[in-house]
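The numbering of the first sequence is my numbering, which starts it at 641 and goes up by one.
Each residue gets a CB set at the ideal place from its N, CA and C atoms; glycine is no exception.
Remember, predicted model here, so these are calculated numbers, not experimental data.
Here the structure comes first, spelled out in structure tokens, and everything after it is commentary.
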Amino acid sequence: MPELPEVEVVRRGLESGVVGSRITGVDVFEARSIRRQVGGRAEFVAGATGRSVTGARRRGKFLWLVLDDRDALVAHLGMSGQILIRPADAEPDRHLRVVAGLSDGRQLRFCDQRTFGGLFVSRDGAKLPPEIAHIARDPLDPELDDDQVVTAVRRRRTGVKRALLDQRLISGIGNIYADEALWRARLHYARPTDTMRRSEVHRLLEAVRAVMAEALEAGGTSFDALYVDVNGNGGYFERALTVYGREGEPCPRCGTPIRRRPFMNRSSYTCPRCQPRPRRPHW
DNA sequence: GCTTGCGCCTGAATGC
DNA sequence: TGCATTCAGGCGCAAG
């Protein structure tokens, strides 16, 4: 499941791999993969064909190729998306949804098993596509204002994990990294945000950054074949995950068995001792 | 305006 | 063995 570090790995691969290339043609094999395109398939094909790639940018889990310094080919990997750079005569990939031919004979291939991800062309979206302007800056963005995030989080009337997952407050944090960061900061996921001290929220942001920096160093998290870089190689961070997916295993800090609890139709993993439940939890 | 819950989707794992 | 069910979760949108 690609989260922010994985998306950044893909962005870097695109930056070194396709900036300077021209898109010579586009084939869409699955309409759902371009469902966010205003104007549909015709607009998508017309918007991407013949354009030169002049940059590769990212905000949170959205990434985009800059087209002729003006427009943007925006991608979201969703749950299972991959962007691969392949020779045109390479074996067909599974779940291939969209192909862009490049001027040097290679192809950009968008593969996506569950089709939660997708592509669209954004007019005048080079700097920040207007369709994703509501997505907040992410923890790896040097322009993220921590003080502002801390204020916004504490103003919320919700639980701290819900706040972490809200892409309008801070982006790029998914279920896995939320659990890892909360464990590091010794915070329970149901801690009401309006009872948190500023220092606690700052500590949490630092924990988020630390987890993501380590993941990035390892090349992104991979639990199965669903996440790969642009060359199709998986990451190796899964060995470093401390609590996520480790129900019943001892907490590395205190030895107490890690607990799994249902949360927002998914799961939260916590150490019941290091992350005690607040007196008045906000689920 | 803010917060919450649902539906989208496939395939691996699990249950009977 | 084979079929049915469960689970994974980011995002946009509707409802409260």
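Would residue i be called buried (16 or more neighbouring beta carbons within 10 Å of its own) or exposed?
i: A715; result: buried
i: S908; result: buried
i: Q788; result: exposed
i: D667; result: exposed
i: M904; result: exposed
i: R698; result: buried
i: F669; result: exposed
i: P645; result: buried
i: E925; result: Lying outside 641 to 923, the shown extent of the chain, residue 925 is not represented and no answer is given.
i: W823; result: buried
i: A730; result: exposed
i: C914; result: buried
i: G745; result: exposed
i: A682; result: exposed
i: G680; result: exposed
i: L866; result: In this prediction, L866 scores a pLDDT of 48, lower than 50, which makes its location untrustworthy; the coordinate-derived value is nonetheless stated afterwards. When all chains shown are included, L866 counts as buried.
i: R797; result: exposed
i: A803; result: buried
i: A696; result: buried
In angstroms with no decimal places, state the Cα-to-Cα distance between residue i and residue j.
i: G814; j: M641; result: 9 Å
i: R734; j: Q753; result: 8 Å
i: P921; j: G721; result: 35 Å
i: E889; j: G660; result: 48 Å
i: L717; j: D869; result: 12 Å
i: C751; j: G872; result: 11 Å
i: C891; j: V678; result: 48 Å
i: P902; j: G657; result: 41 Å
i: D709; j: P769; result: 13 Å
i: A830; j: H774; result: 25 Å
i: V841; j: D786; result: 9 Å
i: E771; j: G700; result: 13 Å
i: A671; j: L827; result: 42 Å
i: A850; j: P832; result: 23 Å
i: P916; j: R899; result: 11 Å
i: L748; j: A792; result: 39 Å
i: I674; j: V790; result: 36 Å
i: D778; j: A858; result: 19 Å
i: L705; j: R795; result: 35 Å
i: L881; j: D711; result: 38 Å
i: E643; j: E887; result: 21 Å
i: R919; j: D781; result: 34 Å
i: P732; j: T664; result: 19 Å
i: D864; j: G765; result: Note that D864 scores 41 on pLDDT, short of 50, meaning its location in the model is unreliable; the coordinates nonetheless yield the value given after this. Roughly 33 Å between the two C-alpha positions.
i: A847; j: K767; result: 29 Å
i: I725; j: C894; result: 45 Å
i: M852; j: R662; result: 32 Å
i: L707; j: P897; result: 50 Å
i: L924; j: S743; result: No answer is possible for residue 924: it lies beyond the span of the chain, which begins at 641 and ends at 923.
i: R676; j: G799; result: 31 Å
i: W923; j: P727; result: 49 Å
Any idea which residues DSSP pairs residue i with across the strands?
i: R906; result: F903
i: H716; result: F702, G758
i: Q722; result: C751
i: L707; result: V693, D711
i: P832; result: G799
i: P890; result: P897
Say the cut is 7 Å; is the CB of residue i nearer than that to a heavy atom of the ligand HEM?
i: A803; result: What this structure holds is no ligand at all, so the ligand HEM is not there to describe.
Segment contact flag, the segment 733-749 with the segment 808-822, C-beta cutoff 8 Å, min 3 pairs: Note that the segment 733-749 does not touch the segment 808-822; fewer than 3 beta-carbon pairs, one per stretch, sit closer than 8 Å.
Segment contact, 8 Å Cβ cut-off, at least three pairs: the segment 676-694 with the segment 747-765: The segment 676-694 is in contact with the segment 747-765.
Any 3 or more C-beta pairs closer than 8 Å across the segment 691-699 and the segment 837-848: Between the segment 691-699 and the segment 837-848, the count of C-beta pairs closer than 8 Å stays below three; the two stretches do not touch.
Contained alpha helix (DSSP H) runs [length at least 4] in the segment 728-808, N- to C-terminal order: If we require 4 residues or more, the alpha helix (DSSP H) runs fully inside the segment 728-808 come out as 786-795, 800-805.
Stretch-stretch touch, CB-based, cutoff 8 Å, three pairs: the segment 814-828 with the segment 908-919: When Cβ pairs closer than 8 Å are counted between the two stretches, the segment 814-828 is seen to touch the segment 908-919, the count reaching three or more.
Minimum length 3: unbroken beta strand (DSSP E) runs contained in the segment 660-704: The segment 660-704 is shown to contain whole beta strand (DSSP E) runs of 3 or more residues at 663-668, 693-699, in chain order.
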